[in-house]
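Here's the structure we're looking at; comments come further down.
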Amino acid sequence: MKIVIAILIFGLIVLIHELGHFIFARINGIEVLDFSIGMGPRLCGFRAFGTQFSVRLLPIGGACMMLGENEDQNMNNERSFYAKNVWQRISVLFAGPGFNFILAFIFSVIIIGIAGYDPARIIKVAVDGPAAEAGLSEGDVITRINHSSISVGREVQGYFDYHTLSEEPVDITVKRNGEKIKVSLVPEQYDRYLLGFTYSGNEAGTAEIIEVSKGYPMAAAGISAGDVITKINDTEVRTGGELSAYLDRNPLDGKAVEITYKRDGVEHTLSVTPQYETTGYSLGFAYNLAREDANAWETIKYSVSEVKYWIVETARGLGKLVTGRLKSNEIGSAVAIVDAIGETYEASVEYGVKDTVLNMLYITVLLSANLGVMNLLPIPALDGGKLLFCAIEVIRGKPIDREKEGMVHFIGMVVLMILMVFLLFNDVKNVFFSK
């Protein structure tokens, strides 16, 4: 069932992506030779509109092959890709990622229409803390932190994940009774208690432990990366977002915490006492991560914010990859995604059809937005690489030699194939040998 669901999600995302290319190719009078879902040998298909439609063996990837896209001999045919002007070609290339963003938006509308959204609402202000001294109060909705716009509570968490608090002032803008108020908070150093672990903190998946720090209580208790937290004290935890929300409402102190986690399908429960440290900084408030009902306008508005959130998170992940902040065991491809989908499905199904469907839709949103961003990267052989050549053509006023462009894309494809092999090896190692 997990594999079937993963194939359906992959298939839908790829179908929508290639459909974007297909529709805009037809609009611009370009002949599409082959429209495929999957890769490898053809399993079945049919021919219509002058196009061969195919389903192929390997349920990853897809293709929308256009006349003249890879062959010089058809460049003079009026229905060839390169016979069209640069702006027509740009529209065809951008349509694939664009349709992925549209799919993410549509599914976000469904999710928010049913489950609501998570406004960045302040739910607790510490007495005599920086937030209280600046005049912030419960109910204020955060709309900006320094120069970053904030739409949902997860963006607050994301901001501080990438901008660690220090002694530097933090400018925060909130909305109160329709009025915007801007304050500057100076973080205060505070004593804190830590369990010593990081986990997946979004609502798209389980609260899987990503890393356990040596010398801290979780490591001493024998908990390790890959374990999935399912309950903390008397509160059940279905997703990383629910765990984050619980810890925001119930800050750690010197009292022992009862944690239930799942490993290899078996649940274990143990008591862990947080470790005291004095190195933390606080702004003196807690914010909302739970969802609230949304009216029609809010559903549309926050669906746009949802897509923006995942676009930004994807870009941040790429930034961590470039700067070396992302470890090799955190990088994966199809196998890792199938594993994550499976764990989310298993954690959701016991709570009913509604929760399961919503979580699968949520995964589709983040994967579709992710695919859209990845395909826009200026990497040869990807849509973004081809768009880069179109941009150069616009600036130069004439195209780059097609043979040279084709060679660049060929080299890029070889590099991507090598990368896929590495990711597949990494997936197998992490999924099957690290748990």
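Mapping to the working numbering: the sequence shown position 75 is 62, numbers consecutive.
Glycine included, every Cβ here is placed at the ideal spot set by N, Cα and C.
CA nearest to the CA of residue i, picked from the options
i, options, result
"Ser171", "Arg131, Val402, Arg76", "Arg131"
"Val381", "Gly126, Leu364, Val73, Gly85", "Val73"
"Ile0", "Ala91, Asp115, Glu142", "Ala91"
"Pro174", "Thr256, Leu270, Tyr248", "Leu270"
"Ala(-7)", "Ile366, Lys341, Lys373, Glu330", "Glu330"
"Ile324", "Asn357, Glu300, Lys341, Leu345", "Asn357"
"Leu54", "Ala102, Val161, Gln39", "Gln39"
"Asp280", "Ile98, Arg163, Lys162", "Ile98"
"Asp235", "Ala273, Val(-9), Asn164, Val299", "Ala273"
"Pro367", "Ile129, Gly393, His8, Val128", "Gly393"
"Arg141", "Thr343, Leu276, Phe81", "Leu276"
"Ser355", "Lys162, Ile405, Leu2, Thr286", "Leu2"
"Val299", "Glu333, Val402, Tyr149, Phe22", "Tyr149"
"Gly209", "Tyr180, Lys169, Arg250, Arg389", "Arg250"
"Pro46", "Leu(-5), Phe9, Ala12", "Leu(-5)"
"Ile219", "Val259, Lys201, Thr185", "Val259"
"Val408", "Ile379, Gly372, Tyr177, Val322", "Val322"
"Ser23", "Glu5, Phe11, Ile17, Gly16", "Glu5"
"Ile17", "Phe33, Gly32, Gln75, Arg43", "Gln75"
"Gly100", "Glu390, Ser290, Pro365, Leu375", "Ser290"
"Thr301", "Asn237, Phe9, Val360", "Val360"
"Glu285", "Val96, Gly25, Ser41, Asn87", "Val96"
DSSP three-state assignment for residue i, whether helix, strand or coil
i, result
"Asp280", "coil"
"Glu333", "helix"
"Val173", "coil"
"Ile24", "strand"
"Ser41", "strand"
"Phe36", "coil"
"Thr485", "Outside the modelled stretch of the chain, which goes from -12 to 422, sits residue 485, for which no answer is possible."
"Ile246", "strand"
"Ala368", "coil"
"Ala194", "strand"
"Ala212", "coil"
"Lys385", "coil"
"Leu230", "helix"
"Leu406", "helix"
"Leu239", "coil"
Element boundaries [beta strand (DSSP E), containing residue i]
i, result
"Leu354", "From DSSP, Leu354 is part of no beta strand (DSSP E) but of the alpha helix (DSSP H) over 340 to 362."
"Pro204", "Looking at the DSSP string, Pro204 is not in any beta strand (DSSP E); the run it does join, the alpha helix (DSSP H), is 204 to 207."
"Val224", "Segment: none, Val224 is in no beta strand (DSSP E) and carries neither H nor E."
"Lys218", "215 to 219"
Beta-ladder partner(s) of residue i, from DSSP
i, result
"Glu264", "Arg179"
"Ile129", "Val161"
"Phe184", "Val199"
"Cys31", "Val42"
"Phe272", "Val112"
"Val294", "Paired residues: none, contrary to the question."
"Val19", "Met53"
"Val259", "Val244"
Range of the contiguous alpha helix (DSSP H) that encloses residue i
i, result
"Gly252", "No alpha helix (DSSP H) contains Gly252, which DSSP labels as neither H nor E."
"Phe9", "-11 to 14"
Proximity test, Cβ basis, 8 Å: residue i and chain B
i, result
"His8", "The question asks about chain B, but that chain is absent: this structure has only one protein chain."
Secondary structure, alpha helix (DSSP H): runs of 4+ residues fully inside the stretch 43 to 124: 73 to 102, 117 to 121
Could you pull out every unbroken alpha helix (DSSP H) segment of at least 4 residues lying fully inside the stretch 131 to 169, listed in chain order? 140 to 149
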